[in-house]
Structures are given as structure tokens and as C-alpha cells.
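Residue numbers (UniProt numbering): 1 to 71.
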């Protein structure tokens, strides 16, 4: 198990994820990141034109995946 982080880039600013989540593989972490992006997009108040992106990074800071917030 390794810790992965899911900072969110929104309107030119990054909201850090200081806690992260534990996953057994980068693929599982990437799937979770996609689910977070879908959850954000499903919020009726979400501005889909804001260019929001959920970034998946491992404990060393290496980017694993990016998921745009879209329908």
C-alpha cells in the first residue's frame, strides 16, 4: 500500500490534499481520482467551464494521472 494525494486545480489555484488515501496500485489511485472528478462535476453548483482538474500524485510527488471535471 502506498499513499496517494489528490490536489485539485481550480481557477488557477491549487487546493492541496494534505491527507491523501492509501491504495495498492497507481491504477487504483487513478480510478479514485476519476471518481473524485465525477463527484465534483455532479454538484449542481459546479462551474464546468472553470477548468477544474483533479491531479493524482504519489508520495514522492510524481504525477500519476489528471482528470478534468466534465460531464
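The beta-carbon is built from N, C-alpha and C at its ideal position, and this holds for glycine as well.
These numbers come from a predicted model, not from an experiment.
- When only Cα atoms are considered, residue 22 and residue 43 end up about 25 Å apart.
- Setting aside the 5 residues that flank it on each side, residue 10 is surrounded in the same chain by 50 and 52, each with a C-beta closer than 7 Å to its C-beta; the list follows chain order.
- Take the alpha-carbon of residue 59 and the one of residue 8: they are about 16 Å apart.
- Assignment of residue 45 by DSSP, reduced to helix, strand and coil, places it in the coil class.
- Taking residue 67 as the centre and dropping the five residues before and after it, the same chain places the C-beta of 33, 34, 37 and 54 closer than 6 Å to its C-beta, in chain order.
- Exclusion of the five residues before and after residue 41 leaves 48, 69, 70 and 71 as the residues of its chain whose Cβ lies within less than 8 Å of its Cβ.
- For residue 65, the enclosing beta strand (DSSP E) has its first and last residue at 63–68.
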